[in-house]
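A.B. asks:
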Amino acid sequence: MIEDVLRTISGHFNVTKQDILSSRRHKTIVYPRQIGMYLAKVLTTRSLPEIGRKFGGRDHTTVLHAVRKIEKLIKTNPSIRESITTLETPLKSDWIIFSVNYCNKY
2 MIEDVLRTIS GHFNVTKQDI LSSRRHKTIV YPRQIGMYLA KVLTTRSLPE
52 IGRKFGGRDH TTVLHAVRKI EKLIKTNPSI RESITTLETP LKSDWIIFSV
102 NYCNKY
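Shown next as structure tokens:
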């Protein structure tokens, strides 16, 4: 699921997966990375350390900062809330389809 988040974020923000996983701190990369960490947290059961490892070996506190920052932006900025929903909806749908297919298989 985190791979799906990375792919979605890369496509939406026109940055490479390598950029997201890199140590670069330019705002054109940091913002998509933070949104990706937020989505990974709310859409998966992965722990903060696991998400940090998947996002280029980052510390769990970095993930926590990203999640809190995006949560704050969602509360205060309607356009960001809409953007997050746009990114989140297909990821949720894909996950539901995968879960149903997996359950039906077993």
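Here the sequence shown stands for residues 2 to 107, numbered as in my numbering.
Beta carbons are placed, not taken as given, at the ideal position from N, Cα and C, and that holds for glycine.
For MET38, I'd like the list of residues in its chain whose CB is within less than 7 Å of its CB, leaving aside the five on either flank, ordered along the chain.
C.D. replies: Here the set comprises ILE52, PHE56, VAL64, ALA67, VAL68.
A.B. asks: Is it buried or exposed, LYS93, if we count other Cβ atoms within 10 angstroms and call 16 or more buried?
C.D. replies: Exposed, since its Cβ has fewer than 16 Cβ neighbours within 10 Å.
A.B. asks: Can you list, in chain order, the residues of its chain with a C-beta nearer than 7 Å to that of PHE14? Leave out the 5 residues immediately preceding and following it.
C.D. replies: So the qualifying residues of the chain are PRO33.
A.B. asks: Considering only the beta carbon of each residue, do LEU40 and VAL6 sit closer than 7 Å?
C.D. replies: Yes, they are a contact pair.
A.B. asks: Would the beta-carbon of LEU74 be found less than 6 Å away from any heavy atom of the ligand MG?
C.D. replies: Among the components of this structure there are no ligands whatsoever, and the ligand MG is therefore not found.
A.B. asks: To the nearest angstrom, how far is it from the Cα of PRO79 to the Cα of THR87?
C.D. replies: Each residue's alpha carbon lies about 12 Å from the other.
A.B. asks: Return the first residue and the last residue of the alpha helix (DSSP H) that MET38 is part of.
C.D. replies: Taken as a continuous stretch (DSSP letters only), the alpha helix (DSSP H) holding MET38 covers 28 to 44.
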